[in-house]
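See structure below.
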């Protein structure tokens, strides 16, 4: 029995006879207190010299544990023995904090601690006060709250998240109304908000156990019932997402005037929140609708309330029917073109009557989302969908063979998901294509082999003739796939019996046997594959044999190895990296008998990899057992071998990997060089202090002669590493006492004190280092003192006070002119620290790059209103500007700040219309960064210039249209006079920006509000513009939404404007996508006036890459009744013009191809490639690309011509079925595809000087530009 067991069992007599030095037992007193042992044991331990004020790794003392766990008797005893009553943890929690979070919270203990002078207003490093801790304790009593307040505790203290004591009380599941009333009666701020702008009422309404009495008490006290969070969520939103949603609370809030139609930043209404709540009742829905809530509200993703309801796992038919009865748009679609039927079908719990209700209301079961998924795809993707749902959809005429954009069928999804055999049999019985493949080459059998393969499904698919040897694009077949999952032999039998190629290889030459060896621990499976012809000598691309694969499997048995060796596998095979099976065995932690077996069979124990790693290096690096290590050494492995990477010995690896002391001693005893250095000049002591320090290990190495003050190639000592990575007081003290140089400096002039502040350092360590002579004012080569470093890691105020007390210069400036106050304002949210610095003489007006302390405070990721207010009151210039002409408010608005701070700065006179050097105003930032509507409205009320323009001529409306904001903000800006037809320098309008960013709701709004759509003719018809519009509308059956009522197609001549061409293009693609007679008739009626021009435009558009050419014929020879009155049909049939047009197009294509061949030849040379890439990059740096040219060998080639060709070839190469021999891609098509790979690769990876400034957004635009739907291209990027 060890000492901890004796203590836990309260055996005082046995403890007294236990022979051990109790002082060396870490945290033994903490352990005793946690286990609530008798006071006699506590007394005995202290009498034996246990350090009563020792701290554990988190800075907790025995007194912290006593206050959280113990009786008053033990607490009083510890105080009598001189325990530090004001000790704090690394998180700055005092013992009073611990007493207040004690589940058995005792007023007697709290009174006793206060009587002993404990700081009642102490705060943690999260700024949580003792009162915060008390109010979140589920067992808190009003007597304790009253006592703390009577002793002067700050009732309005806030955490660094700006949560007040009242916030904590309102989220406490067991809080009493008496405590709430008491806090309010004592003047607590009832309208305090967190840094997320959540009010006390928000907290109350999301508390699942809150009583309506508390809500009813708070509202009459003046709390803002319409307060919103920074996500624009109202109190009613919170009430509706509460898992214990209460109609009484909702009715009460509505009766008090809460805005029932409030929307979040994502445009989610209260009804959206209610409909996605799994515990919603129809009574609540009816009540909200009866009060006038907008039933057809949509989110920013265009999801309606009905979409949300259909996805709710507990939805009832009553709610669906009620919403439809009240006029909800049953045909609403999301911005991904998903109908409510899609949403219903992804819900595995959807009642059949809900589907029937939706279909009866006219929803087309064959509706497709933008990636071409039908409701059947969604249903088959849903986990455990019922056969009844599938049968229902098929009975309603759903296209069972419909495919997604990536060519996934319903059968693929069913086999991939958790569908039953019944579902799969049904799909096949209804004619689904059983051999269909995805774009990645997977068939249904491949998916059926995933994870937990079902014999009956695989058997059924094979019986129905599925191609058993089909391969994916990486060359793997179903046998490869299933061998990852330890399949039953009977499934393997199925494959073999039906002709699977057992030796088929992937693109990396991996066979099914490789995979089985790596993933299966079953000898039976491996034997089965070998006995059925699997090649045991097959090698993968990187030289891995079957045995190498086997040795990556940690669960193998020696029987499998012996079996494969008996079959002739070479046990001495090496990979391309020169790794033997012994290397693999040590990495995979295989058993010692396997290691012994390998050596017995003649595997070279001293064989080295290409990086000079021996098996011993790998065993040590992966922390293998002492037994394994001793065995290797005893068998003659070279113990002093060094790796080529960093020149490490096994002792270096041991010291950086936390290897037990006994192994390190063993290495030293066996003659490993203790002072060997890595290529960075690191000794074993450096590595220990960096990774896995302990006093015993350090002491042992120093005793054996390791140099304690040895320096790395960057002049770092072991003490530097220890302070940076493991600043334990005990370890630092130990190292210093052994002679470590406390003021040694690195190449950057950093001392141990600087390094200590790069971690969570305790005041104990700081005091020790300074008392031992650490230079408190030492500066790095960046002129940073320890105080600068301290503020980068939010040390406690006690540490800051101590540094100042010891004479640290608080006004030292870095090379960037940043003071400690700047650092504190940028990183801290502690008002007390900022106040302390200013009181101690910090220069409040110091500037860095003309940035003041106020700029830095506003740059803080969580700006503090208290700090900002303090700085302004202390005289910091509120209108000071940086070198880029930015005010503090510009800095504040880089994130969504607290409305309270914005209002404060504006009311204090900050200039709201200052422009930065890029001509950005605060209002631009607010619109671009999606500020809530209430902040936008406030800024306008305060005089923000709504028409201000950036250097790119962008106004607030342009910037808003680029973001995912609510339509209300756009409506508001226009209501305030924003120009709906304004243009940027690139001639972008709010409409064209919305189109390019797929903002469906914006587009619909602009088209309904008389936007001058013909302004778009000023732009070139760029592909990203056209395609964005078509992605939004190509599935829309209603041309009235798409086409302005003023559209006039009478001028469609060859010389007609670009926008007219664009409209024809739209119409052709709409017709193609929808493929129905009514839409075709609209197309014919509009375009019949100019058949020749229409045909020529159509041929040009379609031939250059949108569809394979046969689709053009389909459009113009569509056999329907409309053809009798279709002049285009007769023109196509009877005229010679189409042939001449085609000939002209083909001639142009031929010339373009000839140019492209020249371009490729030039691109193939390194010099030419670099020049072309530079010019290509310039295209994205120009303000206008309209007339920009690429110069290649003194030839001027229009950029758009090059792009047109590349696009055309991409489309042909990507969207034709390349596996069909009749549609083989031409060499130049493949070549162009590779070229664009290279273009994007070089742009993305900054491979030439001119691309240093290119950003990811440009690359994303480039990717969108080429419609890179190809998996390989997306992976490449």
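In full-length UniProt numbering, the protein residues as written are 1 to 1277. We put the beta carbon where it would ideally sit given N, CA and C, even for glycine.
Local conformation of residue i per DSSP, three classes
i: residue 826; result: helix
i: residue 234; result: strand
i: residue 549; result: helix
i: residue 840; result: coil
i: residue 419; result: coil
i: residue 361; result: coil
i: residue 158; result: strand
i: residue 60; result: coil
i: residue 216; result: helix
i: residue 43; result: helix
i: residue 311; result: helix
i: residue 1323; result: Residue coverage of the chain in this structure runs from 1 to 1277, which leaves residue 1323 outside it and unanswerable.
i: residue 193; result: strand
i: residue 851; result: strand
i: residue 642; result: coil
i: residue 228; result: strand
i: residue 263; result: strand
i: residue 269; result: strand
i: residue 176; result: coil
Per-residue burial, residue i [other beta carbons within 10 Å of its own, 16 or more giving buried]
i: residue 849; result: exposed
i: residue 947; result: exposed
i: residue 645; result: exposed
i: residue 1295; result: Given a span of 1 to 1277 for the chain in the structure shown, any question on residue 1295 remains unanswerable.
i: residue 696; result: exposed
i: residue 463; result: exposed
i: residue 173; result: exposed
i: residue 13; result: exposed
i: residue 313; result: exposed
i: residue 854; result: buried
i: residue 542; result: exposed
i: residue 507; result: exposed
i: residue 375; result: buried
i: residue 212; result: exposed
i: residue 951; result: exposed
i: residue 648; result: buried
i: residue 988; result: buried
8 angstroms contact criterion, which residue i and residue j should meet: CB distance rounded
i: residue 1299; j: residue 743; result: Here the chain comprises residues numbered 1 to 1277, so residue 1299 is not present and cannot be evaluated.
i: residue 585; j: residue 598; result: 6 angstroms
Could you say if the stretch 913-931 and the stretch 212-226 meet the contact criterion of at least three C-beta pairs nearer than 8 angstroms?
-> As far as the Cβ criterion goes, the stretch 913-931 does not touch the stretch 212-226, which means the pair count is below three.
Count the CB pairs spanning the stretch 799-814 and the stretch 134-149 that are closer than 8 angstroms, and state whether there are at least three.
-> No, because fewer than three Cβ pairs between the stretch 799-814 and the stretch 134-149 fall closer than 8 angstroms, the two stretches do not touch.
Please determine if the stretch 152-169 and the stretch 108-118 are in contact, where contact requires at least 3 C-beta pairs separated by less than 8 angstroms.
-> Taking 8 angstroms as the limit for Cβ pairs, the verdict is that the stretch 108-118 does not touch the stretch 152-169.
Tell me, please, whether the stretch 773-782 touches the stretch 717-735 by the rule of three or more beta-carbon pairs shorter than 8 angstroms.
-> Under the three-pair Cβ rule at 8 angstroms, the stretch 773-782 does not count as touching the stretch 717-735.
On the three-pair Cβ rule with 8 angstroms, is the stretch 911-919 touching the stretch 896-903?
-> No, the stretch 911-919 is not in contact with the stretch 896-903.
Could you name each continuous alpha helix (DSSP H) segment of 4 residues or more that falls completely within the stretch 689-718, going from the start of the chain to the end?
-> Qualifying alpha helix (DSSP H) stretches, in chain order: 695-703.
When the Cβ atoms of the stretch 256-266 are set against those of the stretch 304-318, are three or more pairs found closer than 8 angstroms?
-> These segments do not touch.
At 4 residues or longer, and completely inside the UniProt repeat "ANK" (577-610): list those alpha helix (DSSP H) runs for me, N to C.
-> Those alpha helix (DSSP H) runs which fall completely within the UniProt repeat "ANK" (577-610) and span 4+ residues are 581-587, 592-600.
Uninterrupted beta strand (DSSP E) stretches inside the stretch 66-147 (no shorter than 3 residues) | Whole beta strand (DSSP E) segments, 3+ residues: zero.
At least three beta-carbon pairs within less than 8 angstroms, the stretch 384-396 to the stretch 349-369 = Contact between the stretch 384-396 and the stretch 349-369 is present: three or more C-beta pairs spanning the two stretches fall below 8 angstroms.
Stretch pair the stretch 816-830 + the stretch 789-803: three plus CB contacts closer than 8 angstroms = Yes: at least three Cβ pairs fall under 8 angstroms.
At least three beta-carbon pairs within less than 8 angstroms, the stretch 951-965 to the stretch 983-1003 = The stretch 951-965 makes contact with the stretch 983-1003, as at least three CB pairs between them are under 8 angstroms.
If you pair each beta-carbon of the stretch 973-987 with each one of the stretch 271-286, do three or more pairs fall below 8 angstroms?
-> When Cβ pairs closer than 8 angstroms are counted between the two stretches, the stretch 973-987 is seen not to touch the stretch 271-286, the count staying below three.
Between the stretch 657-673 and the stretch 628-640, do at least 3 Cβ pairs fall closer than 8 angstroms?
-> Verdict: yes, contact present.
Any chance the stretch 731-743 sits against the stretch 54-64, with 3 or more Cβ pairs inside 8 angstroms?
-> At 8 angstroms Cβ cutoff, the stretches do not touch.
Whole alpha helix (DSSP H) elements within the UniProt repeat "ANK" (440-473), 4-residue minimum = Look at the UniProt repeat "ANK" (440-473) and you find these whole runs of alpha helix (DSSP H), each 4 residues long or longer: 444-448, 455-463.
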